[in-house]
Structure formats: structure tokens, C-alpha cells
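If you count the sequence shown from 1, position 56 lands on 56 in my numbering, and the numbers rise without skipping. Below is one structure; the comments refer to it alone.
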Amino acid sequence: MSFKEKFKNFIAPEDELIELDYEDVSSLSEYEAPKNKNATKIASNITMKLYEPRSFDEAEVIASDLKARKAVFVNFHRLQKDFAQRTIDFLTGVTFALDGKIEKVGHNTILCTPQSMGIEGEINLDLDDELEFD
Numbered sequence: 001m002s003f004k005e006k007f008k009n010f011i012a013p014e015d016e017l018i019e020l021d022y023e024d025v026s027s028l029s030e031y032e033a034p035k036n037k038n039a040t041k042i043a044s045n046i047t048m049k050l051y052e053p054r055s056f057d058e059a060e061v062i063a064s065d066l067k068a069r070k071a072v073f074v075n076f077h078r079l080q081k082d083f084a085q086r087t088i089d090f091l092t093g094v095t096f097a098l099d100g101k102i103e104k105v106g107h108n109t110i111l112c113t114p115q116s117m118g119i120e121g122e123i124n125l126d127l128d129d130e131l132e133f134d
């Protein structure tokens with residue numbers, strides 16, 4: 001064995017060769033979207049029910065849908081003003097008890113949503129409504 005080989009074996013012996021594993025970079029995409037840890041999953045079976053009650057008796061059916069975590073859109077144009085107000089008061093109580101939200105979205109119409117569903121945005125309404133919701 002020559003001096004050169006002895007020196008080479010002294011510095012890096014053959015039986016202690018270190019093999020490095022390299023990852024194939026081409027398999028990774030150039031950009032991966034960051035995962036939002038605060039994102040909430042939205043159920044794909046969200047249901048919104050539409051109602052045009054003709055009597056106060058239908059308020060119980062509407063409340064049952066709210067309890068079943070369904071959003072409810074109610075148009076009061078077929079109800080007399082005093083029955084419409086009673087229905088609104090009842091639905092306001094139900095919505096409050098379920099930690100939901102209630103919003104006037106048009107003339108004689110309201111939207112009630114359960115706690116799991118929010119309302120975003122605002123609709124500007126005229127102050128000359130036929131029915132007072134306040």
C-alpha cells in the first residue's frame with residue numbers, strides 16, 4: 001500500500017463511508033397554500049327554509065326548524081300587522097334562546113339563523129316600512 005492510500009484510509013476509512021439521502025425536489029410543488037388553522041369547516045348540508053305564514057300558529061313550525069339548526073327566511077306580507085308582530089316577537093325569543101341571530105332583510109321579511117351560521121353584510125332599508133319590526 002502506498003503512502004497516498006494509507007493517508008487516504010487514515011482520513012476517511014473505506015468501511016465508514018457516509019451515504020447521504022437526497023430528496024427528490026421535483027416531486028414537490030413550487031407553492032403550497034398555507035393551511036389556515038383558524039378556518040371553520042362548513043357543513044355541506046346547510047338548509048334554509050322559506051316561510052310565508054298566514055297565521056300565528058305557523059310560528060311553532062318555524063321555531064322547530066330553528067331548533068334543528070336550519071336558517072329561516074320569513075316573509076310576513078300575508079299576515080295582519082298585529083299577528084306579524086307577535087310572530088316576530090316569538091321568533092326573536094326562540095332565536096335568542098338558541099344563541100342565533102335575527103336580521104330584517106327587506107320589507108316585511110326577516111332572516112333567523114342558528115348559532116352555527118352567521119349573517120354578514122348589511123341591507124339598507126327605507127324607513128317607511130309597512131310593518132315595524134323594532
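Ideal placement from N, C-alpha and C gives every residue a C-beta, glycine not left out.
His77 and His107 have their C-alpha atoms roughly 8 Å apart. Taken through DSSP and simplified to helix, strand or coil, Thr109 comes out as strand. For Ala59, no beta strand (DSSP E) segment is defined; the enclosing uninterrupted segment is the alpha helix (DSSP H) at 59–67. By the Cβ-count criterion, Gly121 is exposed, with fewer than 16 other Cβ atoms from all chains shown falling within 10 Å of its own Cβ. For the set Phe83, Arg86, Ile119, Asp57, the Cα lying nearest the Cα of Gly100 is the one of Ile119. In this structure, the alpha-carbon of Leu50 lies about 11 Å from that of Cys112.
Membership of Phe83 in any beta strand (DSSP E) is not indicated; the residue belongs instead to the alpha helix (DSSP H) covering 81–97. Contact annotation: Thr47 and Lys67 have beta-carbon atoms that are not nearer than 7 Å.
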